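Numbering (the numbering used here), first residue to last: 5 to 386. Here the structure comes first, spelled out in structure tokens, and everything after it is commentary.
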Amino acid sequence: MNPTRVLVLNSGSSSVKYQLLHMPHGDRLASGMVERIGEDGGPADHDAAFKLVAGELTDDGVGIDSPELAAVGHRVVHGGTRFTEPTVIDDGVLAAIQELVPLAPLHNPANITGIKVARELRPDLPQVAVFDTAFHSTMPEYAARYAIDRQTADTYHVRRYGFHGTSHAYVSRAVAGLLAKDPSEVNVIVLHLGNGASASAVRGGVCVDTSMGLTPLEGLVMGTRSGDLDPAVVFHLARVGGMSVDDIDTLLNKKSGLLGLCGDNDMRNIGHRMAEGDEAARLAFDVYVHRVRKYIGAYTAVLGRVDAIVFTAGVGENSAAVREASLRDLGSLGIEVDTVRNALRAKTARLISAAGSRVAVAVVPTDEELEIAQQTYSLVEQ
Ligand SMILES: Nc1ncnc2c1ncn2[C@@H]1O[C@H](COP(=O)(O)OP(=O)(O)O)[C@@H](O)[C@H]1O
Ligand SMILES: CC(=O)OP(=O)(O)O
Ligand SMILES: [Mg+2]
């Protein structure tokens, strides 16, 4: 009997999640999560978080020691142009992931820590990297290129890479299933609204544009990241504000977005504050939603025909208010939401569009861990 279990480590900017899955069906045997890394009440950093995770993994029941374990699958956020497929990690691959740290400073170091921890626990197992950037590698060059000097861009690898690709891939395929269609038949706008947030335009199962860029800073308003802004804001803050490049980096990545606008990066708290008439929370919400609407309009034009808009990740799956405000009065684009369906709380994939809506609107819980497990298993099974 070949081993049929896969352990998945998914570390994001503020959390580490793990799951043990039984393949090929993907039944979940164990799971856990460490959250609020670097915040009050949470572990100080990803090293501390992985110590906690390693402790749980060596406990009875989770089975890091199990002979049934076939591989460990790791979410790796930045794969550059080199990694567009799931990859077995050797020292050369690890060094390449390390070289990409400047392009994903909040993420790749944590992914490397996870790889090292898993290697130490099970040096005998294949460790597989599944890259956030991979699904976006199919973007046409005119979508991936920034309009700057080509030679400079090429020398410094400056281009749109896109992130959350594992989620965009999973969710765009799942929504096709919900519509009883093959992924190749549907054009989808995916809105991954978590702590990090990104939109993508997926034509027939292939990504043709996405909102995140060289790094996971561009695009939508996020928990602590600004998303799109005039690049001259950076020069202005340096020249007139006297801020260093590192200060500005920290400002835009960690002190902006919802947090910068109203002091709160959690959409739940923002909802409570809005209910009490808090003006700053209302403005943060309005800025956030306005940006989502702009990307829906942009990707509608990019795709030409849109079959489905799908919301996923913490905010997208749970905030009926964000979904409602993002799609309000878009009947001219063929988008009509059923307010009752939208307000229902559920943990399953579901349609929330009105019966006559030309564009289907759906909520699909993302499952990056299952997607990583499947990609990992199909690589090591051969
Ligand atoms: N019930 C809810 N209503 C509104 N927002 C929610 C709810 N539950 C979670 N969220 C939002 O989801 C965010 C986290 O999303 P998640 O996808 O788990 O983030 P990440 O994986 O990027 O760390 C939180 O910041 C919170 O604002
Ligand atoms: C790429 C990215 O932003 O990831 P996360 O949402 O986990 O921070
Ligand atoms: Mg996430």
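Beta carbons are placed, not taken as given, at the ideal position from N, Cα and C, and that holds for glycine. Please read all numbers here as calculations on a predicted model, not as lab measurements.
Beta-carbon gap between valine 12 and leucine 24 smaller than 9 Å: The residue you call residue 12 lines up with position 8 of the sequence shown. The residue you call residue 24 lines up with position 20 of the sequence shown. It is a contact, given that the beta carbons lie within the stated cut-off.
When DSSP labels each residue in this structure, what does valine 80 get in the three-state scheme? The count along the sequence shown starts at 1 and reaches residue 80 at position 76. Valine 80 falls in the strand class under three-state DSSP.
Which residues neighbour ligand 3 when neighbourhood means a C-beta less than 5 Å away from any of its non-hydrogen atoms? List them by chain order. Those satisfying the condition are, in chain order, Gly16 and Gly198.
Coarse secondary structure for isoleucine 376, derived from DSSP in three states: Translated into the one-based positions of the sequence shown, residue 376 becomes position 372. Helix, per DSSP.
Any Cβ of chain C within less than 9 Å of the Cβ of histidine 111? Given the protein chain composition of this structure (a single chain), no chain C is represented.
Does at least one heavy atom of ligand 2 sit under 8 Å from the Cβ of valine 212? By one-based count along the sequence shown, residue 212 stands at place 208. Every heavy atom of ligand 2 is 8 Å or more from the Cβ of valine 212, so no.
In angstroms with no decimal places, state the Cα-to-Cα distance between leucine 218 and valine 134. Along the sequence shown, read from residue 1 onward, the residue named residue 218 stands at position 214. Along the sequence shown, read from residue 1 onward, the residue named residue 134 stands at position 130. Rounded to whole angstroms, leucine 218 to valine 134 spans 18 Å at the Cα level.
Whether or not the stretch 315-323 and the stretch 276-286 are in contact is what I'm after, with contact meaning three or more pairs of Cβ atoms, one per stretch, closer than 8 Å; do they touch? Judged by Cβ distances under 8 Å, the stretch 276-286 makes no contact with the stretch 315-323, as fewer than three pairs qualify.
Proximity below 9 Å, CB of leucine 221 to CB of leucine 256: Counting from 1 along the sequence shown, the entry for residue 221 is found at position 217. Counting from 1 along the sequence shown, the entry for residue 256 is found at position 252. Contact: yes.
Using the Cα positions of arginine 86 and methionine 27, report the straight-line distance between them to the nearest angstrom. If you number the sequence shown from 1, residue 86 lands on position 82. If you number the sequence shown from 1, residue 27 lands on position 23. Their Cα atoms are separated by approximately 28 Å.
At a threshold of 8 Å, does valine 319 count as lining ligand 2 (C-beta to nearest heavy atom)? What you label residue 319 is simply residue 315 of the sequence shown in a count that begins at 1. False, no ligand heavy atom lies under 8 Å from that Cβ.
In the DSSP assignment, find the unbroken beta strand (DSSP E) run with alanine 366 in it and report its ends. Translated into positions along the sequence shown, residue 366 becomes position 362. Per DSSP, alanine 366 belongs to the beta strand (DSSP E) from 364-367.
Rounded to whole angstroms, what is the Cα-Cα separation between arginine 9 and aspartate 94? Taking the sequence shown and counting its residues from 1, one reaches residue 9 at position 5. Taking the sequence shown and counting its residues from 1, one reaches residue 94 at position 90. Straight-line spacing of the CA atoms in arginine 9 and aspartate 94 works out to 21 Å.
Cβ neighbours of methionine 271 in the same chain (closer than 6 Å, five flanking residues each side left out): What you label residue 271 is simply residue 267 of the sequence shown in a count that begins at 1. Taken in chain order, the residues that qualify are Val319 and Ser323.
Jot down the residue ranges of each uninterrupted alpha helix (DSSP H) in the stretch 249-332, minimum 4 residues, whole runs only, in chain order. Segments of the alpha helix (DSSP H) lying fully in the stretch 249-332: 249-258, 261-266, 271-279, 283-307, 317-322 and 324-331.
Strand pairing of alanine 173, partner residues [DSSP]: As a working note, residue 173 is residue 169 in the sequence shown. Note: alanine 173 sits in no beta bridge, so no partner.
What is the C-beta distance between glycine 2 and glycine 227, in whole angstroms, given that I count them as a contact (C-beta under 8 Å)? An answer regarding residue 2 cannot be provided, because it is not within the stretch 5 to 386 covered by the chain.
With burial defined as no fewer than 16 other Cβ atoms inside 10 Å of the residue's Cβ, what is the status of asparagine 6: buried or exposed? For this step, residue 6 is matched to residue 2 along the sequence shown. Per the 10 Å Cβ criterion, exposed.
Glutamine 378 burial status per 10 Å Cβ neighbour count (16 or more: buried): Locating residue 378 in the sequence shown gives position 374, where the first residue counts as 1. The residue is buried, with at least 16 neighbouring Cβ atoms inside 10 Å.
Name, in chain order, the residues that DSSP records as bridge partners for tyrosine 22. Numbered from 1 along the sequence shown, position 18 holds the residue referred to as residue 22. Residue pairing by DSSP puts tyrosine 22 in a beta bridge opposite Leu13 and Gly36.
Can you tell me where the beta strand (DSSP E) with alanine 205 in it begins and where it stops? By one-based count along the sequence shown, residue 205 stands at place 201. It spans 201-207 - the beta strand (DSSP E) in which alanine 205 sits, taken as one unbroken run.
Leucine 129 in three-state terms, based on DSSP: What you label residue 129 is simply residue 125 of the sequence shown in a count that begins at 1. In the structure shown, leucine 129 sits in coil (DSSP, three-state: anything other than H, G, I, E or B).
Under a Cβ-count criterion, where at least 16 other Cβ atoms within 10 Å of its own Cβ denotes burial, should glutamate 43 be classed as buried or exposed? For the purposes of this step, residue 43 is identified with residue 39 of the sequence shown, where counting begins at 1. Looking at its Cβ environment, which holds fewer than 16 other Cβ atoms inside 10 Å, glutamate 43 is exposed.
Whole-Å CB distance - threonine 352 paired with valine 132, under 8 Å assumed: Within the sequence shown, the letter at position 348 stands for residue 352. Within the sequence shown, the letter at position 128 stands for residue 132. The distance from the Cβ of threonine 352 to that of valine 132 is about 28 Å, inconsistent with a contact at the 8 Å cut-off.
Own chain, CB closer than 6 Å to valine 384, minus 5 neighbours either side, in chain order: Here residue 384 refers to the residue found at position 380 of the sequence shown. Cβ within range, chain order: Ala74, Ala75 and Pro130.
Sequence-distant residues of its chain with Cβ nearer than 7 Å to threonine 88 (five each side left out): Looking up residue 88 in the sequence shown gives position 84. Ala138 and Ser141.
On the premise that valine 80 lies in contact with asparagine 112, defined as a C-beta separation below 8 Å, what is that separation, rounded to the nearest angstrom? Mapped onto the sequence shown, residue 112 falls at position 108. Mapped onto the sequence shown, residue 80 falls at position 76. The Cβ separation is near 7 Å, so the contact holds.
If you check the beta carbons only, do arginine 164 and threonine 117 fall under 9 Å apart? Stepping through the sequence shown from its first residue, residue 164 is reached at position 160. Stepping through the sequence shown from its first residue, residue 117 is reached at position 113. The answer is no: Cβ separation not under 9 Å.
Asparagine 269 beta carbon near ligand 1 (any heavy atom closer than 8 Å): Taking the first residue of the sequence shown as 1, we reach residue 269 at position 265. Look at asparagine 269: its beta carbon is less than 8 Å from one of the heavy atoms in ligand 1.
Please classify glycine 96: is it buried, with 16 or more other beta-carbons within 10 angstroms of its beta-carbon, or exposed? Mapped onto the sequence shown, residue 96 falls at position 92. Exposed: under 16 other Cβ atoms inside 10 Å.
Does the beta-carbon of threonine 156 have 16 or more other beta-carbons within 10 angstroms, so that it is buried, or is it exposed? Taking the sequence shown and counting its residues from 1, the one referred to as residue 156 is at position 152. It counts as exposed.
Within 10 angstroms of its Cβ, does serine 330 collect 16 or more other Cβ (buried), or is it exposed? As a first step, residue 330 is located in the sequence shown; it is residue number 326 there, counting from the start. Buried, by the Cβ-count rule.
Rounded straight-line distance, which links the Cα of alanine 203 to that of tyrosine 299: The residue you call residue 299 lines up with position 295 of the sequence shown. The residue you call residue 203 lines up with position 199 of the sequence shown. Cα to Cα, tyrosine 299 sits roughly 7 Å from alanine 203.
Can you say whether histidine 82 is buried or exposed, counting buried as having 16 or more other CB atoms within 10 angstroms of its CB? One-based indexing of the sequence shown puts residue 82 at position 78. So histidine 82 counts as buried.
With respect to the alpha helix (DSSP H) encompassing leucine 98, which residues constitute its N-terminal and C-terminal limits? In the sequence shown, counting from the first residue as 1, residue 98 sits at position 94. Taken as a continuous stretch (DSSP letters only), the alpha helix (DSSP H) holding leucine 98 covers 95-103.
Mapping the DSSP letters down to three states, classify phenylalanine 135 as helix, strand or coil. What you label residue 135 is simply residue 131 of the sequence shown in a count that begins at 1. Three-state DSSP puts phenylalanine 135 in a strand.
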